[in-house]
Amino acid sequence: MIMKNTMKKIAIAATMAVSLLMFAGIASAHVTVQPQQVPAGSYQVMSVRVPSEEKDTNTVKVQVKVPDQIKVSRVEPKAGWKYTLEKDAESKITSITWTADGPGLSDTEFTEFRVNGKVADDATELVWKAYQTYANGTLVEWVGGDGADKPASVTAVTAAEASSDGHGHGSSAGASSGNAEGDKSVSSGDSTKANDGTEAGTDGKNTQSATETAASADKNNDGGNGTASLVLSIVAVALGAIALLIALTRKKR
10 MIMKNTMKKI
20 AIAATMAVSL
30 LMFAGIASAH
40 VTVQPQQVPA
50 GSYQVMSVRV
60 PSEEKDTNTV
70 KVQVKVPDQI
80 KVSRVEPKAG
90 WKYTLEKDAE
100 SKITSITWTA
110 DGPGLSDTEF
120 TEFRVNGKVA
130 DDATELVWKA
140 YQTYANGTLV
150 EWVGGDGADK
160 PASVTAVTAA
170 EASSDGHGHG
180 SSAGASSGNA
190 EGDKSVSSGD
200 STKANDGTEA
210 GTDGKNTQSA
220 TETAASADKN
230 NDGGNGTASL
240 VLSIVAVALG
250 AIALLIALTR
260 KKR
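With positions in the sequence shown counted from 1, the corresponding number in my numbering is that position plus 9.
Written as structure tokens, this is what we have:
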């Protein structure tokens, strides 16, 4: 009888642990920008990572507001997607919108959109506000502060590296396009003007793209952060389950 009660308590604790892990996985599926830390004054390849979460519908459009403290100069073409740029009076890119040519992303998929740019010398942080649109018309705004249900992704900016010349920072492989006049405006013979006065780039003809080294560096960076978060979540859930089991046992006695 005692064994039966003990097994029942363990089953309850295990169910709670699984539920908590599932909730943690859902809560962490945000639109994020990698890397999460960059030096001031450096050229960087920034990756906008977009998971699709809504059931029975697809992500078909993603808009990202470019922070004032980074000057984006190039956008990497992506098969199946086209992009549109918005610029201010000084021709600085202020917003990028990616729109799916096909069905977009299902709820089991994610993708990354990459851009190249220079972080301002006096930058302290980069706040990336994103707007995710689904085929059913749902708009998810990733614009909240730290701790919000739908937070904006924030890139911390550290002091400039003394040995850096501003091109090709190694930690995020900015060299892939830094030496190619990284601070100039986006230009390509295959880009066309959109009806709303913005520039629309094609998804396979732009000549500027980041190297495989940049992709590896960004993914490794995010992979470490994701693993650490998962480990901490598992430890927390395990401790909670043990505490619950002890409490139930004592109450029984």
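Glycine included, every Cβ here is placed at the ideal spot set by N, Cα and C. Values in this document were obtained by computation on a predicted structure and should not be read as measured data.
Enumerate in chain order the residues of its own chain whose CB-to-CB distance from residue i is below 8 angstroms, with the five nearest sequence positions on each side excluded.
i	result
aspartate 130	Ala49, Gly50, Ala169
glutamine 78	Val128, Ala129, Asp131, Ala132, Thr133, Glu134, Leu135, Val166
serine 5	Residue 5 lies beyond the stretch modelled for the chain, which goes from 10 to 262, so this question has no answer here.
Whole angstroms is fine: what's the gap from residue i's alpha carbon to residue j's?
i	j	result
valine 75	asparagine 145	26 angstroms
tryptophan 90	alanine 139	17 angstroms
glutamine 72	threonine 167	26 angstroms
leucine 148	threonine 142	5 angstroms
asparagine 67	threonine 117	10 angstroms
proline 44	threonine 133	15 angstroms
glycine 156	glycine 111	34 angstroms
alanine 161	valine 42	9 angstroms
glutamate 85	phenylalanine 122	7 angstroms
serine 115	alanine 171	44 angstroms
alanine 88	histidine 39	22 angstroms
tyrosine 52	tyrosine 92	22 angstroms
tryptophan 151	serine 56	16 angstroms
glycine 249	isoleucine 102	47 angstroms
serine 181	aspartate 65	Because serine 181 carries a pLDDT of 42, less than 50, the predicted location of this residue cannot be relied on, and the following value inherits that uncertainty. About 35 angstroms.
glutamine 46	tryptophan 137	13 angstroms
glycine 113	alanine 247	37 angstroms
aspartate 158	isoleucine 255	32 angstroms
isoleucine 251	isoleucine 243	12 angstroms
Between the Cα of residue i and those of the options, spot the shortest distance and give me the residue it belongs to.
i	options	result
threonine 106	Ser100, Pro112, Lys96, Ala132	Lys96
threonine 108	Lys70, Gln141, Asn125, Glu134	Lys70
lysine 80	Glu99, Glu63, Lys64, Asp65	Glu99
valine 54	Val40, Thr164, Leu94, Asp65	Thr164
Using C-beta distances below 7 angstroms, list every residue in its chain close to residue i, excluding the 5 sequence neighbours before and after it, in chain order.
i	result
phenylalanine 119	Arg58, Val59, Pro60, Ser61
glutamate 63	Asp116, Tyr143, Thr147
glycine 154	Pro160
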